[in-house]
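Input: a single structure, listed below in structure tokens.
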Amino acid sequence: MVETGSIVAAARREGLTPAAVSQRIQALERTLNCPLMVRGAHTARPTETCLSLLPRARALVRDASLLVDDLDASGLSGDLRVGAISTVLTGLVPVVLGKLTARAPSLKLRLTPGTSEHLYDQMLAGQLDVAVLVEPPFALPKLLDATCISREPLVYLTRDAVAPADIVAHARETPFIRYDPSSWGGRIVAGYMEKVGLHPDVRCDMDALETIAILVAKGIGSSLVPHWPGLVANGFNFIPVPHAHAHQRSLSFLAPSVAQKPNAIRLLRDLLVETANG
Numbered sequence: 001m002v003e004t005g006s007i008v009a010a011a012r013r014e015g016l017t018p019a020a021v022s023q024r025i026q027a028l029e030r031t032l033n034c035p036l037m038v039r040g041a042h043t044a045r046p047t048e049t050c051l052s053l054l055p056r057a058r059a060l061v062r063d064a065s066l067l068v069d070d071l072d073a074s075g076l077s078g079d080l081r082v083g084a085i086s087t088v089l090t091g092l093v094p095v096v097l098g099k100l101t102a103r104a105p106s107l108k109l110r111l112t113p114g115t116s117e118h119l120y121d122q123m124l125a126g127q128l129d130v131a132v133l134v135e136p137p138f139a140l141p142k143l144l145d146a147t148c149i150s151r152e153p154l155v156y157l158t159r160d161a162v163a164p165a166d167i168v169a170h171a172r173e174t175p176f177i178r179y180d181p182s183s184w185g186g187r188i189v190a191g192y193m194e195k196v197g198l199h200p201d202v203r204c205d206m207d208a209l210e211t212i213a214i215l216v217a218k219g220i221g222s223s224l225v226p227h228w229p230g231l232v233a234n235g236f237n238f239i240p241v242p243h244a245h246a247h248q249r250s251l252s253f254l255a256p257s258v259a260q261k262p263n264a265i266r267l268l269r270d271l272l273v274e275t276a277n278g
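Residue 1 is where the sequence shown starts when you use full-length UniProt numbering, and the numbers rise one by one after that.
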């Protein structure tokens, strides 16, 4: 209920009725001898006591799951909490899931989408087992290990036929959809634009590469983006920028230095690297 925001949403996620969820909460309140919800006419919210117990409760649920997983000598069963940016979810995960099903049929991925910054924070908070995101622009703490999954050179998206040498001139003359320069990936594009002296007519900023591609295809403008797996020239062209490999976005696979499911994490990492570079 805390995570979903309502009893109805919690019941939907668990496949129960709202009445059944309410009864379970009431039973827990009787066991703990304290109120866990503030109930209104049509709403319910967690009490301060409930919120203070939440970290320990989550740990108990997680540890109970790991007890079952420990009975599997291969270490390739149970749930693995995986965070990933959108282009990884659409470009790599479908292929990886097929391979993973064949190699580890008892392993289930619990996928969480998000921005690189948000997924990194979730890793630090212990809410994810692994994350696939844009390489952080700073040194990682010792509690995290990073593996480079792939490097994505910059390409120019436009509906026009443009030679690589003419990209900067063309971008100056057309509306521009900018990969959000405040995002980790957008900083790489911003650095390239600064280096070549490109200051176009920016119509909007966004940290959503698939949406940028759709807008370019509809003729809204042009853009500079990393060439992510799954990028297809559908209604537009993508042209590698000159010296493209000097300007690329790196994807990192983050995992705890001391992981609870090392075999499952290692297999997922290897399949991601294989798929991204195959």
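Heads up, the beta-carbon is just placed ideally off N, CA and C, and yes, glycines get one too.
Beta-bridge analysis with DSSP links E152 to R249. For the options E29, R39, Q26 and P35, the alpha carbon positioned closest to that of S6 is the one of R39. The C-alpha of L53 lies about 12 Å from the C-alpha of V2.
For L224, the enclosing beta strand (DSSP E) stretches over residues S223 to P226.
Per the coordinates, the alpha-carbon of R269 lies some 33 Å from the alpha-carbon of A9. Collapsing the DSSP output to three states places N237 in a strand.
The alpha helix (DSSP H) runs lying completely inside the stretch 158-190 and spanning 4 residues or more are 167-173, given in chain order. C204 is bridged by DSSP to I177. For D129, the three-state secondary structure derived from DSSP is coil. Rounded to the nearest whole angstrom, the CA to CA distance from P46 to P175 is 48 Å. About 5 Å separates the beta carbon of G230 from that of T90, a gap short enough to meet the 8 Å contact definition.
Between E117 and S250, the C-beta gap is not smaller than 7 Å, which leaves the two residues out of contact.
Spanning the alpha carbons of A20 and A27 requires a straight line of approximately 11 Å. When Cβ pairs closer than 8 Å are counted between the two stretches, the stretch 150-163 is seen to touch the stretch 221-228, the count reaching three or more.
By the 16-neighbour rule on beta-carbons within 10 angstroms, F138 is exposed. The beta carbon of T4 is closer than 7 Å to those of A10 and R13 in its chain, skipping five residues each way along the sequence. Within its own chain, the residues whose Cβ lies closer than 6 Å to the Cβ of D205, once the five positions on either side in sequence are excluded, are R178 and D180, listed in chain order.
By the Cβ test, the stretch 97-106 is in contact with the stretch 261-277, since at least three Cβ pairs between them sit closer than 8 Å.
For a cut-off of 8 Å, the C-beta gap from V241 to V162 is around 11 Å, too long to register as a contact.
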